[in-house]
Structure formats: C-alpha cells, structure tokens
Amino acid sequence: MIELDALDRRILAEMQANARISNTDLAEKVGLSASPCWRRVRRLEKEGVIDRYVTVLDSEKLGLGVSVFVRVTLEKHTATLKKDFEVVILDRPEVMECYSMTGNHDYLLRIVVPDIMAYERFLDEVLMHLKGVASVNSSFALKQIKYSTALPVEADAAE
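Residue numbers (this note's numbering): 6 to 164.
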C-alpha cells in the first residue's frame, strides 16, 4: 500500500469526480499551486495509484439497460479450469466485472446487455459452453439504486 497524505487524497477525490479537470483548477480546489499539484498527480500516476483515465457512459442511453448478476460454480477447482474460464471471461465485452468468490459459488459476474434475449444468447453460446461449468445462477437487476466508480479516498475515509 502506498502512503498518501491528505493532499494526495483530496487530489484523488477531485479527479474521481472530474478526470478532465485542469491542473490549475485542481490545484485551486486542493489548496496547492499548479507545479506541486502537477508533480503529485504525476507521482500518483507513476506509482500506479492512478491506474488510467476513462469516460463513464450511460448504459440506458446506449440501449444496454439489462444488468444481470451471475453466480458461476465450476465442477472442479483445478488451476486449468479456472484459467480457461477466466481467459474467456476477460475477452467478453458484456462482462463488466468478474470476481473469484468464496462460499457456494466460484465466480460472480456483472453482465450488461440490451435485453433478455441477448443475455440468453450469452448464456447459451458462451457460459454454458465453457468446459467445467457446473451451474449458473442469474439474478436480474430491477433498478439501479447506486452506482459509483469513485473509491472512498477522502482523508476521513482512511481513518
């Protein structure tokens, strides 16, 4: 874990809220002059704290209004089966997130598709054809209550 002071955390919070913020505006918001602020951002990038810059899109406006949470159980827990599963999942654009889990299921996936038929195709053509998949359990999201890409980096959140 990398040591971050309160200024680093304020910089990260501001950048998560607006990655397109100019260095001048960022420096003003966190109480630094432009040069020290720029150096801190560059250090955070170099140390990998800032992983990348992205644009968050509205899935509904793009016609991708169906979110499905999928629990996958493998037949066996071999390194080969897990690796083969993960390689396929990494290559699928509709898989937004994938976690290796403890408990009754081996993986939890979040899938985003335009409609139920698209999910059915993904299920039939991809998931159910993967070697070693014993079961798939799907839950459809009815309404998104909260969605955030921002991590809790504020100074008081770290305490």
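Idealized CB from N, CA, C, for every residue including glycine.
In the three-state reduction of the DSSP assignment, A139 falls in the strand class. Straight across, the Cα-Cα distance linking L128 with P119 is about 14 angstroms. Relative to Y112, the option among E130, F74, A146 and M122 whose CA is nearest is F74. Inter-residue distance for R97 and V54 is about 26 angstroms (C-alpha atoms, whole angstroms). In this structure, the straight-line span from the alpha carbon of A84 to that of L114 is close to 19 angstroms. Under DSSP, C42 takes part in no beta bridge, so it has no partner. In the three-state reduction of the DSSP assignment, T60 falls in the coil class. Looking from the CA of V138, the closest CA among V93, I7 and N28 belongs to V93. I116 places its beta carbon less than 8 angstroms from that of M101.
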